[in-house]
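In this note's numbering, the protein residues as written are 8 to 364.
Even for Gly, the Cβ is constructed at its ideal location relative to N, Cα and C.
In this text, all values refer to a predicted model and were calculated from it rather than measured experimentally.
The structure appears right after this line, and notes come after that.
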Ligand code: GLY
């Protein structure tokens, strides 16, 4: 068992990582809550694969379990489905002395977490993430949200879980494209904080990854925990986690969500920015070559066909923009990162040029 403590005062919690942990989840949940009833919030894809297994594990520890299931996909991360979840919680008789388990990828985590933050003015919740991207990023740090028609994650809260239980065994049913999607974020952690992790990824390949999941997830969650401890409300250091995201979010929106996965957008965003910061002397020579190679090793894009004029309107909407200035995350070398504040109008100078097709 690998465990990481995240020290946030009264909101502190532990992240536990172990293959097979799902079957022991009842015992761990017992240590985290006095609840008698648990509401498991999940999507229909995860429920079909693992819903019965989780319910059995929780019932073994004496819980009354209610599964509240919504349709899988980012399209469900909205106010309508949130209202359905509130109704489901009320119908199940969930009270403030009960708890929610969010079970799945980023959507169940974000949506179920926001339900937990707001139902009855807040009830405890525990994250059991089932995708790489959720295990290394979205389940840790307490960002919970729904999307609005005007953009992603625009209504939400910072609301920390009581604990995070990560079972890498669950990744065996994740399609390869979504393993790669998560690796976009994993590579990001290597870039911003951990040269050793980056070097490990340079040596592994699709069929050797699974033996290293626990180590990889522990590295990423430790980096995120230390950053969030310093800046839980995302006012400074936490922005380093957004390396590749300004351009990445623009790519996701420009092509329509779902064409590029989040991790693919971030991959192209990191590569397109770093090519330019290296040319400008802000990044060590040779970094782009290594970054492009490791991204391509896992089938991730290092550029996209959209030309600058197509991407620009979406960058202008990036919520990291303050006034006419934009904060970019750059890497002086693999394993180090810093914030760079630029004039909003200067952004085209920071994206590797591509021709429209
Ligand atoms: N996913 C970035 C953050 O949690 O701040």
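Buried/exposed call for residue i, threshold 16 Cβ in 10 Å
i	result
residue 287	exposed
residue 46	buried
residue 103	exposed
residue 38	exposed
residue 109	buried
residue 134	buried
residue 212	exposed
residue 142	buried
residue 50	buried
residue 293	exposed
residue 28	buried
residue 204	buried
residue 265	exposed
Rounded separation between residue i and residue j - CA only
i	j	result
residue 363	residue 236	A caution first: residue 363 carries a pLDDT of 41, below 50, which makes its placement in the model unreliable, though a value can still be read off. Approximately 42 Å between the Cα atoms of the pair.
residue 275	residue 48	32 Å
residue 255	residue 69	44 Å
residue 232	residue 151	16 Å
residue 20	residue 132	11 Å
residue 295	residue 31	43 Å
residue 98	residue 226	40 Å
residue 125	residue 194	34 Å
residue 243	residue 67	43 Å
residue 34	residue 177	18 Å
residue 346	residue 192	18 Å
residue 197	residue 61	32 Å
residue 15	residue 114	24 Å
residue 55	residue 111	11 Å
residue 40	residue 261	43 Å
residue 378	residue 128	Only positions 8 to 364 of the chain appear in this structure, which leaves residue 378 out of reach.
residue 247	residue 348	12 Å
residue 92	residue 106	14 Å
residue 18	residue 85	26 Å
residue 370	residue 53	Outside the shown range of the chain, which is 8 to 364, sits residue 370, and nothing can be said about it.
residue 79	residue 138	13 Å
residue 24	residue 334	33 Å
residue 353	residue 241	24 Å
residue 202	residue 222	14 Å
residue 83	residue 157	15 Å
residue 77	residue 308	31 Å
residue 375	residue 57	Residue 375 is absent from the structure shown; the chain starts at 8 and stops at 364.
residue 342	residue 63	42 Å
residue 171	residue 59	20 Å
Cut-off 8 Å between Cβ atoms - residues of its own chain near residue i, not counting five sequence neighbours on either side
i	result
residue 369	Residue 369 lies beyond the residue range present for the chain, which begins at 8 and ends at 364; the question has no answer from this structure.
residue 355	315 and 319
residue 169	20, 39, 40, 106, 131, 132 and 133
Closest Cα partner of residue i within the set the options
i	options	result
residue 252	159, 92, 215 and 66	159
residue 26	332, 220, 234 and 342	220
residue 116	18, 184, 145 and 259	145
residue 74	83, 84, 80 and 44	44
residue 206	304, 139, 105 and 11	304
residue 188	269, 218 and 147	269
residue 200	174, 344, 169 and 352	344
residue 22	28, 29 and 13	13
residue 181	82, 241, 238 and 136	136
residue 8	173, 335 and 313	173
residue 81	263, 308, 64 and 313	263
residue 101	78, 130 and 87	130
residue 272	223, 306, 169 and 202	306
residue 217	204, 245, 238 and 186	186
residue 402	175, 147, 57 and 203	Outside the shown range of the chain (8 to 364) lies residue 402, about which nothing can therefore be said.
residue 183	266, 214 and 77	214
Other residues of its chain near residue i: CB distance less than 6 Å, five sequence neighbours each side excluded
i	result
residue 209	301
residue 257	318, 321 and 322
residue 149	165, 166 and 167
residue 311	258 and 275
residue 238	244 and 245
Beta-carbon proximity list for residue i, same chain, < 7 Å, skipping 5 on both sides
i	result
residue 155	161 and 162
residue 89	118, 121, 122 and 153
residue 350	331 and 332
residue 229	11
residue 71	43 and 44
residue 3	Residue 3 cannot be examined here, being either before or after the span of the chain that is shown, 8 to 364.
residue 279	254, 310, 358 and 359
residue 140	112, 113, 188, 189, 192, 269 and 270
residue 65	32, 33, 36, 45 and 72
message = Run the Cβ filter for me: residues under 6 Å from any heavy atom of the ligand SAH, listed in the order they occur in the chain.
response = The ligand SAH is not among the ligands present in this structure, which contains only the ligand GLY.
Whole runs of the alpha helix (DSSP H) within the region 102 to 167, excluding any shorter than 4 residues = 113 to 125, all fully within the region 102 to 167.
ask   = Which ranges does the alpha helix (DSSP H) cover as unbroken runs of at least 4 residues, wholly within the region 220 to 300, from first to last along the chain?
value = Complete alpha helix (DSSP H) runs here, min 4: 220 to 237, 252 to 262 and 269 to 286.
inquiry  = Going residue by residue through the region 182 to 216, where are the continuous alpha helix (DSSP H) segments of at least 4 residues, counting only ones entirely within it?
reply    = For the region 182 to 216, whole alpha helix (DSSP H) runs of length 4 or above, ordered along the chain, are 183 to 200 and 202 to 210.
key: alpha helix (DSSP H) runs wholly inside the region 56 to 81, at least 4 long, in chain order   = Listed in chain order, the complete alpha helix (DSSP H) runs (minimum 4 residues) inside the region 56 to 81 are 59 to 67.
message = For a minimum of 4 consecutive residues, which ranges assigned as the alpha helix (DSSP H) are wholly contained in the region 22 to 61?
response = You should have 32 to 39.
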